[in-house]
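*Asks:* Under the working numbering, the first residue of the sequence shown carries the number 207, and numbering increases by one thereafter. Submitted below is the structure of interest, expressed as structure tokens.
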Amino acid sequence: MELSKDKVEKLSHLVINVLFKRFENFPDDSIDNRNAPFHEAFLKAFSDKLHGKVVDIPFFISLSSWLHGLNTTLGQTFFEGAAHILSDGEKREYTSKKLGNLQISKDQKANINSIMTELSNSTREPNLIEENKILFMEDFSEKENANDFSCDVFIEDEDKIIAIELKSVKPNSGEMAGEKRKILEGKTALFENFPGKRINFYMGFPFDPTAEKSFGKDKDRFMGSIINCNKYFHDEEILLGDELWDFLSGTSNTMQQLINIINVIATTDFLDKYNFINDKLNRHSDKYKEYLKTWNLFSELELLKKDEIIKEKIKGNNRLTRIYNQQVFKKEKYNWDRYYALKELVE
């Protein structure tokens, strides 16, 4: 099933946002990293492996830094943003500095500690149903603050709460125990604070790096590749690759559609197209309309179809004329203020 035009456009804006920022920071040369003596000294040990593949070591170091930035952007901006668009969810941070700590009972805290100890000692295997039975019980013992926790994706329906922690596909060694405790405390706190609603708390991984195909996955192999993942987590607590994206969208083939959106926008002439769209002198050319369609900019296409009506209505109005002449993009973001001001004229 195809994603809605609204979601496709929002995802396209997100892709443009990421690409624009990464183009701004791309190291066209090594001028900012011409002197990196420690890196170069260590890299000499790998000169045989780099031979024929890397010629300019300073540029290679700069590019490595840029790729690290891309990984960070994908994790903090793209994956999370796409998840919110697809699911109509949001980020929630139940911490002392944000929304405040939720509360759980002392008995629930003790049960969590017991589960963690038994998992750590391998006297218990991860079992989602059994763990939920232990934690999701009406409890009138003394309350205390749960530890800080956040939900990268928080979805509240009439009868349930869905929380997802989005993770790097290569988590740090030893991270699984901490993640398990956070999820146990988090879902217990949500159970206490959203009475009558089913609570589901997952770890989500955007793709499977162990898969042989781009959209493939092997959850058993993937979990086995992460230190102690199987020790602390049942596979029902993990959403992996297309399973995650389809779960978020409520439809099928979502990961493929998401990659397709990226592919049509992430081309070598991205900046040329961006600048062309942002030049108002191009608005009546066929190429302008073609670029809007390619980039799924349906809102701007809507304005373009009614351009003659808009121009007639802004005559003699300096404020609206100035808004009309604004650029379509303000750096990496679509100019929604301009869109809504002009849309009102033709509604």
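From the three backbone atoms N, C-alpha and C, an ideal C-beta is built for every residue, glycine too.
Determine which residues share a DSSP beta bridge with C357 and list them.
*Replies:* DSSP lists R298 as partners of C357.
*Asks:* Please state whether the Cβ-Cβ distance between G295 and A289 is less than 8 Å.
*Replies:* In this structure, A289 lies closer than 8 Å to G295 by Cβ.
*Asks:* Got a sec, what are the start and stop residues for the alpha helix (DSSP H) I433 sits in?
*Replies:* Taken as a continuous stretch (DSSP letters only), I433 belongs to no alpha helix (DSSP H), as it is neither H nor E.
*Asks:* Within the continuous alpha helix (DSSP H) that includes G384, where are the two ends?
*Replies:* Looking at the DSSP string, the run of the alpha helix (DSSP H) that includes G384 is E381 to N399.
*Asks:* Are I340 and I361 close, meaning C-beta to C-beta below 8 Å?
*Replies:* No, Cβ-Cβ distance for I340 and I361 is not below 8 Å.
*Asks:* Note down the Cα distance separating T437 from A417, rounded to an integer number of angstroms.
*Replies:* The identity of residue 437 in the sequence shown is Lys, whereas the question assumes Thr. Their backbone Cα atoms lie some 22 Å apart in a straight line.
*Asks:* Can you tell me whether G410 is buried or exposed, with buried defined as 16 or more other CB within 10 angstroms of its CB?
*Replies:* Flag for G410 reads buried.
*Asks:* Are at least three pairs of beta-carbons, each pair with one atom in the stretch 382-401 and one in the stretch 306-326, less than 8 Å apart?
*Replies:* With a cut-off of 8 Å, the stretch 306-326 and the stretch 382-401 count as touching, because enough Cβ pairs lie within range.
*Asks:* DSSP puts S311 in a beta bridge; with which residues?
*Replies:* K349, per the DSSP bridge assignment.
*Asks:* Which residues does DSSP list as the beta-bridge partners of T405?
*Replies:* For the record, residue 405 in the displayed sequence is Ile; it is not Thr. In the DSSP output, where bridge partners are listed per residue, I405 has I367.
*Asks:* When you compare only the Cα positions, how much space is there between K304 and L509?
*Replies:* For K304 and L509, the distance between alpha carbons rounds to 39 Å.
*Asks:* Whose C-alpha, out of F504, K511, N466 and I310, is nearest the C-alpha of S491?
*Replies:* If we check each option's Cα against that of S491, K511 comes out closest.
*Asks:* Quick one: measure Cβ to Cβ for D345 and N307, integer angstroms, because I've assumed they're closer than 8 Å.
*Replies:* Between N307 and D345 the Cβ distance is about 17 Å, and since that is not below 8 Å, they are no contact.
*Asks:* For I368 and D254, what's the separation of their Cα atoms in angstroms?
*Replies:* One C-alpha to the other measures close to 50 Å.
*Asks:* Taking 8 Å as the cut-off, decide whether the C-beta atoms of E506 and V534 are in contact.
*Replies:* Against a cut-off of 8 Å, the Cβ pair of V534 and E506 comes out as a contact.
*Asks:* Whose C-beta lies closer than 8 Å to the C-beta of E443 among residues of the same chain, with five residues either side of it excluded?
*Replies:* Answer for E443: P332, L334, I389, F407, Y408 and M409, listed in chain order.
*Asks:* Rounded to the nearest angstrom, how far is the Cβ of F226 from that of Y480, given a contact under 8 Å?
*Replies:* At roughly 7 Å, the Cβ-Cβ gap stays under 8 Å, so F226 and Y480 are in contact.
*Asks:* Can you tell me whether F342 is helix, strand or coil according to DSSP?
*Replies:* Coil.
*Asks:* Can you list, in chain order, the residues of its chain whose CB lies under 7 Å from that of I432, leaving out five sequence neighbours each side?
*Replies:* The residues are P377 and M382.
*Asks:* According to DSSP, is E518 part of a helix, a strand, or is it coil?
*Replies:* It is helical.
*Asks:* Assess, as a yes-or-no matter, whether the stretch 307-318 is touched by the stretch 390-399 under the definition of 3 or more beta carbon pairs within less than 8 Å.
*Replies:* Short answer: they touch.
*Asks:* What's the gap between the Cα of F252 and the Cα of K315?
*Replies:* Whole-angstrom Cα-Cα distance: 50 Å.
*Asks:* Tell me which residue opens and which closes the alpha helix (DSSP H) that L498 is part of.
*Replies:* Its alpha helix (DSSP H) spans residues D492 to T500.
*Asks:* So, L503 versus S210, is the Cβ gap smaller than 8 Å?
*Replies:* Cβ distance not < 8 Å, so L503 and S210 don't count as in contact.
*Asks:* Looking only at its chain, what residues have a beta carbon closer than 6 Å to the beta carbon of P415, apart from the 5 residues adjacent to it on each side?
*Replies:* Answer for P415: V375, listed in chain order.
*Asks:* Which of the three DSSP states, helix, strand or coil, is assigned to L292?
*Replies:* In this structure, L292 counts as helix in the three-state DSSP scheme.
*Asks:* Using only CA atoms, which one of R525, I515, G522 and K521 lies nearest to K549?
*Replies:* Nearest C-alpha to K549: I515.
*Asks:* Let me make sure I understand the geometry here. Which of F453, N531, W501 and D513 has the alpha-carbon closest to that of D475?
*Replies:* Out of F453, N531, W501 and D513, W501 has the C-alpha closest to the C-alpha of D475.
*Asks:* Can the beta-carbon of K486 be found less than 8 Å from the beta-carbon of N531?
*Replies:* It is a contact, given that the beta carbons lie within the stated cut-off.
*Asks:* The alpha helix (DSSP H) spanning L276 covers which residue range?
*Replies:* I263 to T279 is the extent of the alpha helix (DSSP H) around L276.
*Asks:* Do you know how far the Cα of I465 is from the Cα of C357?
*Replies:* C357 and I465: Cα-Cα distance of roughly 24 Å.
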